[in-house]
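Protein chains: 2
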Amino acid sequence: MAISSRFTVGVHILALIELNKEEKTSSEFLAGSVNTNPTLIRKIMGMLKKAGLIEVQPGIAGAKLAKSPSDISLLDVYKAVDVVHENELFSLHENTLYECIVGRNIHDSISPVLSAAQLSMEKELGNVTIQDIIQDIVQKESGSGNP
Amino acid sequence: MAISSRFTVGVHILALIELNKEEKTSSEFLAGSVNTNPTLIRKIMGMLKKAGLIEVQPGIAGAKLAKSPSDISLLDVYKAVDVVHENELFSLHENTLYECIVGRNIHDSISPVLSAAQLSMEKELGNVTIQDIIQDIVQKESGSGNP
DNA sequence: TGACTTGTAATCAAATTAAATACATGATCG
DNA sequence: CGATCATGTATTTAATTTGATTACAAGTCA
Chain A
1 MAISSRFTVG VHILALIELN KEEKTSSEFL AGSVNTNPTL IRKIMGMLKK
51 AGLIEVQPGI AGAKLAKSPS DISLLDVYKA VDVVHENELF SLHENTLYEC
101 IVGRNIHDSI SPVLSAAQLS MEKELGNVTI QDIIQDIVQK ESGSGNP
Chain B
1001 MAISSRFTVG VHILALIELN KEEKTSSEFL AGSVNTNPTL IRKIMGMLKK
1051 AGLIEVQPGI AGAKLAKSPS DISLLDVYKA VDVVHENELF SLHENTLYEC
1101 IVGRNIHDSI SPVLSAAQLS MEKELGNVTI QDIIQDIVQK ESGSGNP
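Chains as they are written, first to last, in our numbering: chain A, 1 to 147; chain B, 1001 to 1147.
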């Protein structure tokens, strides 16, 4: 099991839109960079748009960020592309036996722990912004010896 | 997407073995409480045994915990049943375009963030033991008005 | 108008999960 | 010793999910 790549692709899209802001960034161009097809990119862009993270207009190439990259956290992206629902990172077996002390209580006993674990993971994502990712990319690039 | 219920079922199994320690706990009995089939229970028990969390012997009904329940964390169970591999909670799109600044750097730039998020979630699981779950079950039970 | 774009629906193949079945092997007891 | 019950494992099946693909409607603009 793994969390859908829609999330990391979403981050890729946002970072590239910003780094390529002098040019028009089409879904075709993004798809090439991500190495997938433009349909998937448009689907994800639709979700990012709905969440108010980017601005795109039908028929017009060139998406823009709707906010400063330092105001977009990875958690915002994660929520926007809807990869994990609230309290649903972990699966619980349903219809455990009511006649058993564990069966009738395990759900309520373990759920708070699972929630806390999920929230802790999400909190980490909230501490990092698209700007941080962009800066890291640019810094790696400058240190790489590339011209 | 969600993390396999093998994890929460594993916790259920351990808690029930301990709470039922005066009797012999068979995979059949456990399957009834979890509401699944004995085969799945045995598969998970095999993993718990391999990880040194329980003691089971072929042909003999009655599994026992191999350690004190206060020495078994939910993280131990999570690792034992192998639901999420190290650094693989999140998916990354493979073969991003090397000719693009984002394509050639995004993997290395985002991976540390994803690792940190996963580790943070796992750390939370490490803070809770089977004993904590058992206590909570017993406490809920006593507060429920059940005789 | 024609070329290019976004938006969206529908279909398809691959991978994963848990359920189910079958059977070999070990233990126990009459 | 042989019947019964247990664990250990392999295999198959059905359901679900993911991403790839195809198709096409509708917007933009030279």
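C-beta: ideal position from N, C-alpha, C; glycine also.
Note that the segment 1124–1137 of chain B does not touch the segment 91–100 of chain A; fewer than 3 beta-carbon pairs, one per stretch, sit closer than 8 angstroms.
LEU114(A) places its beta carbon 8 angstroms or farther from that of LEU65(A). A distance of 8 angstroms or more separates the beta carbons of LEU19(A) and ILE1106(B). DSSP lists LEU1065(B) as the beta-bridge partner residues of ILE1054(B).
Within the model, the alpha-carbon separation for TYR78(A) versus SER4(A) is close to 10 angstroms. Here DSSP, grouped into helix, strand and coil, assigns ILE1060(B) to strand.
In this structure, ALA1051(B) sits away from ALA1031(B), with a CB-CB distance that is not shorter than 8 angstroms. A direct Cα-Cα distance of roughly 16 angstroms separates GLY10(A) from ASP1108(B).
If you ignore the 5 residues before and after LEU89(A), its C-beta comes within less than 6 angstroms of the C-beta of GLN118, all in its own chain and listed in chain order. As the crow flies, the alpha-carbon of ALA116(A) is around 7 angstroms from that of GLU1124(B). Here THR36(A) carries a coil assignment [DSSP, helix/strand/coil]. At a C-beta separation below 7 angstroms, LEU74(A) has these neighbours in chain B: VAL1113. Assignment of ILE44(A) by DSSP, reduced to helix, strand and coil, places it in the helix class. Taking all protein chains shown into account, THR39(A) has fewer than 16 neighbouring C-beta atoms within 10 Å of its C-beta and is therefore exposed.
Around the C-beta of HIS12(A), 16 or more other C-beta atoms lie within 10 Å, and the residue is accordingly described as buried. Contact note: THR96(A) reaches chain B through HIS1012, SER1033, VAL1034, ASN1035, using a C-beta cutoff of 8 angstroms and chain order. Closest in C-alpha terms to GLU1023(B), from the list ALA1002(B), ASP1082(B), ILE1060(B), comes ILE1060(B).
Using beta-carbon distances, ASN87(A) does not count as an interface residue toward chain B, since no partner is under 8 angstroms.
In the three-state reduction of the DSSP assignment, ILE1133(B) falls in the helix class, which pools H, G and I. Take the alpha-carbon of LEU53(A) and the one of ASN37(A): they are about 21 angstroms apart. With contacts defined by Cβ atoms closer than 8 angstroms, THR8(A) and HIS1093(B) form a contacting pair. Contact annotation, GLY1103(B) with SER33(A): C-beta distance approximately 5 angstroms; criterion of less than 8 angstroms satisfied. With its beta carbon less than 8 angstroms from one in chain A, VAL1102(B) belongs to the interface. As for any alpha helix (DSSP H) of minimum length 4 sitting wholly inside the segment 1074–1128 of chain B, the runs are 1074–1080, 1101–1126, ordered along the chain.
Distance check between MET1121(B) and each of ASN87(A), PHE29(A), SER27(A), PRO69(A) places ASN87(A) closest, using alpha-carbon atoms only. The DSSP-derived three-state label of ILE3(A) is strand. Against chain B, the CB of ILE44(A) has no partner CB under 8 angstroms away; the residue lies outside that interface. Here SER70(A) is exposed. Its C-beta has fewer than 16 other C-beta atoms within 10 Å. The residue among SER111(A), ASP136(A), GLY62(A), SER91(A) with its C-alpha nearest the C-alpha of PRO1112(B) is ASP136(A).
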